[in-house]
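Going by the working numbering, the first residue of the sequence shown is number 1142, and it counts up by one from there. Heads up, the beta-carbon is just placed ideally off N, CA and C, and yes, glycines get one too. In this text the structure is predicted, and so the values were computed from the model without any measurement.
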Amino acid sequence: MTLATNVPVPIAAKDFNTMLNFARIIEMLQYHPAYLNALKLDLPQTIDVQPNQPSMLMGYDFHLTPDGPKLIEINNNAGGLWEKDDGWIPQSEHSELPGSLEHRLLNMFDPSWQTIAIVDEDIQSQYMYPEMLAYARLLESDGRKVFLLSPEDLLLKSDGLYIGSDKVDMIYNRHTDFYLQSAPMQHIRQAFIHQQVALNPYPRSYALVGDKNRMVDWWRKDFLSFLDADTIDCIHSVVPETHVLAEVDLAQVWATRKAWVFKPAAKHGGKGVLLGKSMSRKRFESLDGASTVMQKLVPASQILIGEKSFKFDARLYMYGSRLIGMAGRAWHGQITNFREKGSGWTPIAIEG
C-alpha cells in the first residue's frame, strides 16, 4: 500500500497549536500529584514503575471540526510514521519539528540502550511489521543491536532478559497488553518490575493517559478542579463529552443514542466501536456497562484526494512534551481502516 496522497493535507496553524497545547497539558497531568490522588487507581503493580524517560510515540488522534480539533483517542504505542511503499512519511517544516524525523526518532532511544528488542505478539504477522523493520534499520544505523521478537522469544535469567547470549537493555513495546498481564508477557513483567530491562511505552503512561476511562474522569464533575479554569476549558473543548455506560441513565442514553458512539474501554484502534445511530436495541442491551465508554459523536473531517472524498483524522506523535511527527489518515467506512482502494496515511502541512 502506498500513501493515500503525496500532497500534504493542510492543517490550520490554529488547529495545530490547539492539538499540540492539548497534548502537552495531558502530558503534564501525569506528573501532577493532585491528578494522581484523584484517580485512586486500583491497577496492576506494573504502573508503580516510573521510568526516567517519557513514554515514546504517544499518538493523539483528532477529528478537525468547525469548532476546533476534537480528541478521538490516545494511543500508547502509535504506529504509522512509516509507509511500507513510500518510506518515512514526509513531515512539515516547522519550528516544533527541528531536524529530520529520523533524528527525532533516534533521540527517543537513550544511548545506554545498545541492545534493543522490538516486541509484538506474533510479530512477523503484524500489519505494522514493515514499520518495525524500519525502526530496526534506523537503530542499527546508529550502532545499536536490534532484534524483532515475539514475547516467547525472550528468555528470563536471574539478571534480566536475553535473546541468545545477548542481554536486552530495552524493549520497544508494540504489544497491546499494556499492563503486561497475559501469560506470554509474564517474564517481561517480572524483568520490568525488577528494573532489569527498560520498557517503552510502559504501563504507567497507559494507565494515566491512554486508557479511555481517563476521558471519563476528565468529564467527572470537579475532577479537574486542581487546574486553572483556562486549562479545564481547553481539555473540555477538545475532549468530547465522555461517560462510562454503567453510570448513566440507560433510558435517556437509548433515547439520544444517535448522538453517541460506544467504545470498549480496553480496546484500541477503532476495534469494537459502535455508532448509536446504527445500533439495535438488543445490541445496546448486551453492552457491558462497566467496560463500555460512551462519547459524543464527532463526525470525521472530509478531504478530497483527486475527485474522491475521504474521511480524515490527524495524529500527533509525542515524546513527553516534544512533538516527534505528524501523519493523517484517509479512509471510508465507520471506523478508521485502509480497506478501501485509495485510502491510507497522508503527510500533513501546517498552514499560516
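| request: Please confirm if the stretch 1221 to 1237 is in contact with the stretch 1253 to 1261, defined as three or more CB-CB distances below 8 Å between the two stretches. | output: no
| message | So for G1284, helix, strand or coil by DSSP? | response | coil
| task | Measure the C-alpha to C-alpha separation of S1346 and R1278 and round it to an integer number of angstroms. | result | 26 Å
| request: Starting from the Cα of A1441, find the closest Cα among F1333, L1416, G1483 and give me that residue. | output: L1416
| said: On a Cα-Cα basis, can you pick out the residue from W1254, S1306, P1381, M1249 that is closest to P1210? | reply: P1381
| request: State the CB to CB distance for the pair M1348 and I1215, rounded to an integer number of angstroms; the pair is presumed to be in contact (CB under 8 Å). | output: Residue 1348 is actually Ala in this sequence, not Met. Contact doesn't hold; Cβ gap of about 12 Å is too wide.
| said: Determine whether the beta carbon atoms of Y1320 and P1292 lie at a separation below 8 Å. | reply: no
| request: Determine the direct distance from the alpha carbon of I1329 to that of N1158, and round the result to whole angstroms. | output: 38 Å
| message | Here's the rule I'm using: 16 or more other beta-carbon atoms within 10 Å means buried, otherwise exposed. How should T1392 be labelled? | response | The sequence given here places Ala at residue 1392; Thr does not occur at that position. Classification for A1392: exposed.
| To the nearest angstrom, how far is it from the Cα of V1394 to the Cα of S1432? | 16 Å
| field | Simplified DSSP state of W1486, which is helix, strand or coil | value | strand
| query | Where are the alpha helix (DSSP H) runs, 4 residues long or more, that stay fully inside the stretch 1358 to 1443, in chain order? | reply | 1370 to 1379, 1391 to 1396, 1422 to 1427
| message | For K1298 and V1434, what's the separation of their Cα atoms in angstroms? | response | 40 Å
| Contacts around R1285, its chain only, beta-carbon distance under 8 Å, and the 5 residues preceding and following it disregarded | F1250, W1254, Q1255, T1256, I1257
| said: Suppose the cutoff is 6 Å on Cβ atoms and the five residues either side in sequence are ignored; what does the same chain contact list for I1465 look like? | reply: R1245, Y1458
| said: Could you tell me the alpha carbon to alpha carbon distance between G1221 and H1316, rounded to whole angstroms? | reply: 15 Å
| request: Return the chain-ordered list of same chain residues with a C-beta closer than 6 Å to the C-beta of V1439, the five sequence neighbours on each side being excluded. | output: H1204, K1211, P1381
| query | Per DSSP, what kind of secondary structure is D1251 in: helix, strand or coil? | reply | coil
| query | E1168 by DSSP, collapsed to three states: which one? | reply | helix
| query | In its own chain, which residues sit with a C-beta less than 6 Å from the C-beta of M1326, not counting the 5 before and 5 after it? | reply | P1292, D1318
| field | Exposed unless 16 or more other CB atoms sit within 10 angstroms - verdict on N1217 | value | buried
| query | Grouping DSSP H, G and I as helix and E and B as strand, with all else coil, what is N1354? | reply | helix
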